[in-house]
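Beneath this line is the structure, given in structure tokens, with notes to follow.
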Amino acid sequence: MKKKILLMGRSGCGKTSMRALVFSSALYSNPASTQRLGPTTGMELSTFRFLKNLLINLFDCGGQQTYMDSYVEDKREQVFKDVGAFVYVFDMGSANNEEGEDGWQGDLRYWRDCLKILRQLSPNAHVVCLLHKMDLLNSARRQDIYTDRVKDLRGKAKELGATELSCYGTSIWDETLYRAWSRIIHELIPNIATLESNLTEFTKITAATEAVIFEKTTFLVIARSGGDTVAKSVGGAADKAKASTGAGSSPSSKRAATTNRLSTVSSHGTLADDKERDSLLEGYPPTEAERKALLARGEMHPERFEKISELVKNLRGSCNKLQASFESFEVRGATFSAYLDVFTENTYIMVIVADPRVELSAIKLNVQLGRERFE
Ligand code: GTP
Numbered sequence: 030m031k032k033k034i035l036l037m038g039r040s041g042c043g044k045t046s047m048r049a050l051v052f053s054s055a056l057y058s059n060p061a062s063t064q065r066l067g068p069t070t071g072m073e074l075s076t077f078r079f080l081k082n083l084l085i086n087l088f089d090c091g092g093q094q095t096y097m098d099s100y101v102e103d104k105r106e107q108v109f110k111d112v113g114a115f116v117y118v119f120d121m122g123s124a125n126n127e128e129g130e131d132g133w134q135g136d137l138r139y140w141r142d143c144l145k146i147l148r149q150l151s152p153n154a155h156v157v158c159l160l161h162k163m164d165l166l167n168s169a170r171r172q173d174i175y176t177d178r179v180k181d182l183r184g185k186a187k188e189l190g191a192t193e194l195s196c197y198g199t200s201i202w203d204e205t206l207y208r209a210w211s212r213i214i215h216e217l218i219p220n221i222a223t224l225e226s227n228l229t230e231f232t233k234i235t236a237a238t239e240a241v242i243f244e245k246t247t248f249l250v251i252a253r254s255g256g257d258t259v260a261k262s263v264g265g266a267a268d269k270a271k272a273s274t275g276a277g278s279s280p281s282s283k284r285a286a287t288t289n290r291l292s293t294v295s296s297h298g299t300l301a302d303d304k305e306r307d308s309l310l311e312g313y314p315p316t317e318a319e320r321k322a323l324l325a326r327g328e329m330h331p332e333r334f335e336k337i338s339e340l341v342k343n344l345r346g347s348c349n350k351l352q353a354s355f356e357s358f359e360v361r362g363a364t365f366s367a368y369l370d371v372f373t374e375n376t377y378i379m380v381i382v383a384d385p386r387v388e389l390s391a392i393k394l395n396v397q398l399g400r401e402r403f404e
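Take the position in the sequence shown, starting the count at 1, then add 29; the result is the number in my numbering.
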């Protein structure tokens with residue numbers, strides 16, 4: 030199955046950087062290396078095989094003004110037809126985030142024009158907004174700016190009758206990039222439900238605490254099972270909010286919102302305000318305070334596997350520099366053991382065991398025996 034992803038946004042907003050970090054090999058394993066990238070000329074197509082049954086055509090659309098004009102004028106059919114996911118990147122750092130036509134308002138207007146065309150030519154496309162370069166925002170104001178921007182975007186989407194819109198705060202400097210892209214790709218994978226139910230069965234049979242499957246090249250999280258009370262990060266619905274009110278989202282989305290957002294109830298706000306704020310913050314990563322609160326309650330970091338995606342990509346880059354290759358590792362902690370290994374032709378698996386009676390060697394054997402089922 031072929032899926033087209035359209036990656037758009039103004040020049041310099043970070044499109045090619047994220048493409049290079051997430052999808053390319055070791056050449057761009059370090060975010061700092063993206064500073065060497067030049068502007069993209071026109072539309073650059075990269076094709077990736079993802080698992081056995083998905084071919085992704087990723088169109089990185091150069092963001093210089095003349096190109097941007099042509100996408101919505103003479104090239105609209107070529108650009109917006111048969112799109113599986115429309116990913117628009119908003120630059121939250123620098124002057125692009127200032128109010129006014131040269132900044133946020135202009136960007137918002139252009140995005141709305143694109144969405145209008147998309148609704149005609151690819152009505153079923155998954156619409157995603159990445160509020161990118163979050164690291165450049167003052168940390169004290171980051172959450173407020175994010176919620177204001179998401180509100181604007183939902184308002185515009187609603188005007189056009191776009192019912193579902195996924196927004197994520199991202200940065201190349203942390204795991205948020207992998208979190209967003211794991212979810213974008215998750216929406217496109219055919220038969221994902223079968224893969225997930227097989228993994229759930231595997232977790233039960235092996236008495237593991239959690240099991241996660243990563244795609245081999247990108248190391249994006251594809252499926253996970255077992256675990257905790259914390260929001261499951263991969264289920265695409267978890268972060269997808271109805272553009273209409275945000276309140277009509279699915280039960281899993283509500284669970285994600287309430288478990289992720291721990292500290293938004295203020296003494297001044299009403300419950301309705303809090304709910305709206307929670308729904309606006311669904312794609313926002315947990316803050317330091319929220320992470321600490323989770324740990325204090327004995328729960329785990331909700332983005333731990335996306336952090337592993339980021340770490341393994343870095344590790345692989347370092348191994349390549351030494352002309353070594355990386356295949357597997359195991360960790361034996363005081364309260365848990367973890368094992369990461371090649372699984373199928375296109376995936377890695379990570380299994381976490383908290384029960385001291387379960388031997389890691391038994392898990393390894395089960396990984397070997399389970400491979401065939403997942404091929
Ligand atoms: P065009 O090809 O002209 O459309 O630009 P682009 O959107 O592809 O931008 P590009 O990826 O080339 O990134 C421009 C600059 O932004 C590079 O110097 C990146 O290192 C930097 N950059 C990308 N993402 C981030 C981020 O999350 N945070 C920060 N601080 N800088 C970033």
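Where a beta carbon is used, it is the ideal one built from N, C-alpha and C, also for glycine.
Here the structure is a predicted model, which is why all the values come from computation and not from measurement.
According to DSSP, what are the bridge partners of residue i?
{"i": "Gly255", "result": "Glu239"}
{"i": "Gly198", "result": "Leu160"}
{"i": "Arg361", "result": "Ser366"}
{"i": "Cys143", "result": "According to DSSP, which records beta bridges pairwise, Cys143 is partnered with nothing at all."}
{"i": "Asn220", "result": "The partner list for Asn220 (beta bridge, DSSP) is empty, contrary to what the question assumes."}
{"i": "Phe88", "result": "Leu35, Leu74"}
{"i": "Met379", "result": "Val241, Leu369"}
{"i": "Phe79", "result": "Leu83"}
{"i": "Val250", "result": "Phe243"}
{"i": "His155", "result": "Ala114"}
How many whole angstroms separate the CB atoms of residue i and residue j, which I take to be in contact at a CB cut-off of 8 Å?
{"i": "Asn82", "j": "Met30", "result": "6 Å"}
{"i": "Arg396", "j": "Phe372", "result": "It should be noted that the sequence gives Val, not Arg, for residue 396. Confirmed, Cβ separation roughly 7 Å."}
{"i": "Glu244", "j": "His155", "result": "Rounded, the Cβ-Cβ distance is 18 Å, inconsistent with contact."}
{"i": "Leu160", "j": "Arg178", "result": "6 Å"}
{"i": "Asp89", "j": "Lys44", "result": "5 Å"}
{"i": "Ile218", "j": "Ile251", "result": "7 Å"}
Below 7 Å, is the gap between the Cβ of residue i and the nearest heavy atom of the ligand GTP?
{"i": "Trp140", "result": "no"}
{"i": "Lys393", "result": "no"}
{"i": "Lys162", "result": "yes"}
{"i": "Cys348", "result": "no"}
{"i": "Leu165", "result": "yes"}
{"i": "Cys42", "result": "yes"}
{"i": "Trp202", "result": "yes"}
{"i": "Gln64", "result": "yes"}
{"i": "Gly184", "result": "no"}
{"i": "Thr69", "result": "yes"}
{"i": "Thr376", "result": "no"}
{"i": "Thr45", "result": "yes"}
{"i": "Gln352", "result": "no"}
{"i": "Gly362", "result": "no"}
{"i": "Gly113", "result": "no"}
{"i": "Gln93", "result": "yes"}
{"i": "Gly198", "result": "no"}
{"i": "Gly122", "result": "yes"}
{"i": "Gly132", "result": "no"}
{"i": "Gly38", "result": "yes"}
In the structure shown, what three-state DSSP assignment does residue i receive?
{"i": "Glu426", "result": "As displayed, the chain neither begins before 30 nor continues past 404, which places residue 426 out of reach and without an answer."}
{"i": "Asp111", "result": "coil"}
{"i": "Ser338", "result": "helix"}
{"i": "Glu73", "result": "strand"}
{"i": "Lys350", "result": "helix"}
{"i": "Asn395", "result": "helix"}
{"i": "Glu230", "result": "helix"}
{"i": "Val116", "result": "strand"}
{"i": "Glu404", "result": "coil"}
{"i": "Glu305", "result": "helix"}
{"i": "Met97", "result": "helix"}
{"i": "Ala169", "result": "coil"}
{"i": "Val51", "result": "helix"}
{"i": "Leu389", "result": "helix"}
Got a sec? Which residues, its chain only, sit under 7 Å from residue i by beta carbon, not counting five neighbours each side?
{"i": "Pro68", "result": "Ser40, Gly91, Gln93"}
{"i": "Ile381", "result": "Ala237, Thr238, Glu239, Phe365, Ala367"}
{"i": "Asp111", "result": "Lys33, Ser151"}
{"i": "Thr176", "result": "Arg306, Leu309, Leu310"}
{"i": "Asn375", "result": "Leu80, Lys81, Glu244, Lys245"}
{"i": "Ser357", "result": "Leu369, Asp370, Val371"}
{"i": "Gly312", "result": "Ser195, Cys196, Tyr197, Gly198, Asp268"}
Enumerate in chain order the residues of its own chain whose CB-to-CB distance from residue i is below 8 Å, with the five nearest sequence positions on each side excluded.
{"i": "Gly143", "result": "Contrary to the premise, residue 143 reads as Cys rather than Gly in this sequence. Correct list, in chain order: Met37, Tyr100, Val101, Phe109, Phe115, Tyr117."}
{"i": "Leu206", "result": "Met47, Leu50, Val51, Thr199, Ser200, Glu339"}
{"i": "Trp210", "result": "Met47, Val51, Thr247, Leu249"}
Can you list, in chain order, the residues of its chain with a C-beta nearer than 6 Å to that of residue i? Leave out the 5 residues immediately preceding and following it.
{"i": "Arg208", "result": "Glu332, Glu335"}
{"i": "Glu404", "result": "Thr373"}
{"i": "Thr95", "result": "none"}
Closer than 8 Å, CB to CB, is residue i near chain C or not?
{"i": "Val108", "result": "Looking for chain C here will not work: only one protein chain is present."}
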